[in-house]
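Asks: Dropping the structure in here first, questions after.
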Amino acid sequence: MKEGYRIVSGMRPTGPLHLGHYFGVLQNWAHLQETAECFFFIADWHALTTDYADPGAISRFSFEVFLDWLAAGLDPEKSVFFQQSRIQEHAELQLLLSMITPLGWLERNPTYKEIKQELEAKDLNTLGFLGYPVLQAADIIIYHATRVPVGEDQIPHLELSREITRRFNYFYGETFPEPKPLLTESAKLTGLDGRKMSKSYDNAIFLGEDPDSLRSKIKTMLTDTNRMRLKDPGDPEKCNLFPYLKLLDPQEPYEEIVDGCTGASRGCMDCKNQLLERMEAFLEPIWAKRRELQNDPDTVKDIIHQGNNAARSVAGATMEQVRSRMSLL
Ligand code: TRP
């Protein structure tokens, strides 16, 4: 058994993963699994709260996201990987937590209001969507997790998880530790056009990108927009591509590139070609592992199956305790 934190984190399977996920989340998870006891799961029920009209897509993406995780170096020997909807105990705990969660807490949740506005086209006046943070609290405390690696956007949800936990402990006796966020200092990687990398902005490089589309995407990358011609001096600080080069090969001395760019002797195409080379070298092992797993779906299913069993046994023991605390025996 590993010393240290018990960690839980989940990801909604709403699309294939891209480099933003890799450098923002997966790299951190891969690091955490070396020292902490980690439970990572596909939050398919959470995806259903907004995408209930298209459940087929969620199930397809669940498998793809698992492939991405494993290809990116997450290791089933070190962490437990599971699928939320296979662990029914999460739903039972959500139901019980919903008894003690005041509606006002959920209605005031800033993320709830924001997403409802953002996804105006979908009808999110549902009990499921309002209860999103209650399910998230259940996901976490059912494993007695103390730390939850998440991005900044999840802070309000985690705050609610802690409030719900405190209320449970107050009514039924000290049962769960309060889960704290584990914010990562992750490299912020922008998309091809300089905005946040996101599938919905169509500016992402996916982990499973094929080599041809990788080449054409890198060719379209935005560089210093003030630099129209080779003889115009450029500014690497204003270039969207330069940070990628630094990220993918931090050892390299960059004076030559910087001098060439600011001195107008090195063209953007030179940088793009160099980036393509670095990117291929970086992605090739991920592609190889992905291909291997894709050709062997039974192995992937088996990993999920084993992870589900491991998660279920922990969640089942917690629910015994919860039922007893709530006089439901
Ligand atoms: N809400 C999280 C997100 O959108 C996903 C999630 C669901 C989660 N349950 C969780 C994250 C529990 C951490 C812990 O990213």
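Under this note's numbering, think of the first position of the sequence shown as 1397, with each following residue one higher. Cβ atoms here follow ideal geometry from the backbone N, Cα and C, with glycine treated the same way.
Give me the Cβ distance between Leu-1603 and Asp-1464, rounded to the nearest whole Å; I'm assuming they're in contact under 8 Å.
Replies: Going by Cβ atoms, the distance from Leu-1603 to Asp-1464 rounds to 5 Å, so yes, they are a contact pair.
Asks: Less than 7 Å separating the Cβ of Arg-1408 from some heavy atom of the ligand TRP?
Replies: Checking the Cβ of Arg-1408 against the ligand TRP gives yes.
Asks: Could you give the DSSP three-state label for Lys-1642: helix, strand or coil?
Replies: Looking at Lys-1642 - three-state DSSP - the assignment turns out to be helix.
Asks: Whole angstroms are fine: how far does the CA of Leu-1644 sit from the CA of Met-1675?
Replies: If I take the Cα positions, the gap works out to 7 Å.
Asks: Span of the alpha helix (DSSP H) holding Val-1530?
Replies: Val-1530 -> alpha helix (DSSP H) spans 1528-1537.
Asks: So what does Cys-1434 bridge to, in DSSP terms?
Replies: Partner(s): Ile-1403, Ser-1475.
Asks: So does the stretch 1477-1496 actually touch the stretch 1561-1576, counting three or more Cβ pairs closer than 8 Å?
Replies: With the cut-off at 8 Å, the stretch 1477-1496 and the stretch 1561-1576 touch.
Asks: If you reduce the DSSP assignment to three classes, tell me which class His-1540 lands in.
Replies: Coil at His-1540, not helix or strand.
Asks: Would the beta-carbon of Ala-1439 be found less than 7 Å away from any heavy atom of the ligand TRP?
Replies: Answer for Ala-1439: yes, Cβ within range of the ligand TRP.
Asks: Among Ala-1439, Ala-1449, Tyr-1448, Asp-1447, which residue has its Cα nearest to the Cα of Phe-1459?
Replies: If we check each option's Cα against that of Phe-1459, Ala-1439 comes out closest.
Asks: Go ahead and pull the three-state DSSP assignment for Pro-1498.
Replies: Coil at Pro-1498, not helix or strand.
Asks: Grab me the residues of Gly-1590's own chain with a C-beta within less than 6 Å of its C-beta, minus the 5 sequence neighbours each way, in chain order.
Replies: Cβ neighbours of Gly-1590 beyond the five flanking positions: Leu-1618, Asn-1636.
Asks: Under the three-state reduction of DSSP, which class applies to Phe-1525: helix, strand or coil?
Replies: Helix at Phe-1525.
Asks: Which whole-angstrom value is the C-beta distance of Ser-1405 and Pro-1545, which I expect to be below 8 Å?
Replies: About 5 Å; that satisfies the 8 Å criterion.
Asks: Closer than 7 Å: is that where the CB of Asp-1447 sits relative to any heavy atom of the ligand TRP?
Replies: Result no, Cβ not under 7 Å from the ligand TRP.
Asks: Report all residues from its chain with a CB closer than 6 Å to the CB of Gln-1490; omit the five preceding and five following residues, and keep chain order.
Replies: Val-1530, Leu-1531, Ala-1534.
Asks: Considering Cα atoms alone, identify which of Ala-1706, Thr-1621, Ala-1449 is closest to Phe-1435.
Replies: That would be Ala-1706, whose Cα lies nearest to the Cα of Phe-1435.
Asks: Report the option in Val-1718, Asn-1704, Thr-1445, Glu-1605 whose CA atom is closest to the CA atom of Arg-1482.
Replies: That would be Asn-1704, whose Cα lies nearest to the Cα of Arg-1482.
Asks: Give every residue of the same chain whose Cβ lies closer than 6 Å to the Cβ of Gln-1512, excluding the five residues on either side of it in the sequence, and list them in chain order.
Replies: Before going on, a small fix: residue 1512 reads as Lys here, not Gln. Excluding positions up to five away in sequence, the list reads Leu-1520.
Asks: Mapping the DSSP letters down to three states, classify Phe-1572 as helix, strand or coil.
Replies: If DSSP states are grouped into helix, strand and coil, Phe-1572 belongs with coil.
Asks: For the ligand TRP, is there any heavy atom lying closer than 7 Å to the beta carbon of Ser-1720?
Replies: Checking every heavy atom of the ligand TRP against the Cβ of Ser-1720, none is found closer than 7 Å.
Asks: What does the alpha-carbon distance come out to for the pair Glu-1574 and Arg-1562?
Replies: In a straight line, the C-alpha of Glu-1574 is about 7 Å away from that of Arg-1562.
Asks: Which residue's Cα is closest to the Cα of Glu-1485: Arg-1719, Ser-1723, Leu-1725?
Replies: That would be Arg-1719, whose Cα lies nearest to the Cα of Glu-1485.
Asks: DSSP state of Pro-1409, grouped into three classes?
Replies: DSSP places Pro-1409 in coil when its eight states are reduced to three.
Asks: So, with DSSP's three-state summary, where would you put Pro-1649?
Replies: If DSSP states are grouped into helix, strand and coil, Pro-1649 belongs with coil.
Asks: Using a threshold of 7 Å, is the CB atom of Ile-1483 nearer than that to any non-hydrogen atom of the ligand TRP?
Replies: The answer is no for Ile-1483.
Asks: Consider the C-beta atom of Val-1530 and the heavy atoms of the ligand TRP; say whether any pair is separated by less than 7 Å.
Replies: Checking the Cβ of Val-1530 against the ligand TRP gives no.
Asks: Would you decide whether Asn-1599 is buried or exposed? Buried here means 16 or more other CB atoms lie within 10 Å of its CB.
Replies: Classification of Asn-1599: buried, given that the 10 Å Cβ count is 16 or more.
Asks: Counting only runs of 3+ residues fully inside the stretch 1562-1628, write out the beta strand (DSSP E) ranges in chain order.
Replies: Counting whole runs of 3 or more residues, the stretch 1562-1628 contains the beta strand (DSSP E) stretches 1576-1579.
Asks: Spatial neighbours of Leu-1502 within its chain, please: C-beta separation below 6 Å, excluding the five flanking residues on both sides.
Replies: So the qualifying residues of the chain are Leu-1526.
Asks: Give a single yes or no on whether Gly-1606 has its beta carbon closer than 7 Å to a heavy atom of the ligand TRP.
Replies: A small fix is needed here, since residue 1606 is Asp in this sequence, not Gly. Not so, every heavy atom of the ligand TRP lies at least 7 Å from the Cβ.
Asks: Does Thr-1522 pass the burial test, meaning 16 or more other C-beta atoms within 10 Å, or should it be called exposed?
Replies: Per the 10 Å Cβ criterion, exposed.
Asks: Excluding the 5 residues preceding and the 5 following Thr-1446 in the sequence, name in chain order all residues of the same chain whose CB lies nearer than 7 Å to its CB.
Replies: So the list reads Leu-1515, Lys-1518, Leu-1520, Phe-1525, once near-sequence residues are dropped.
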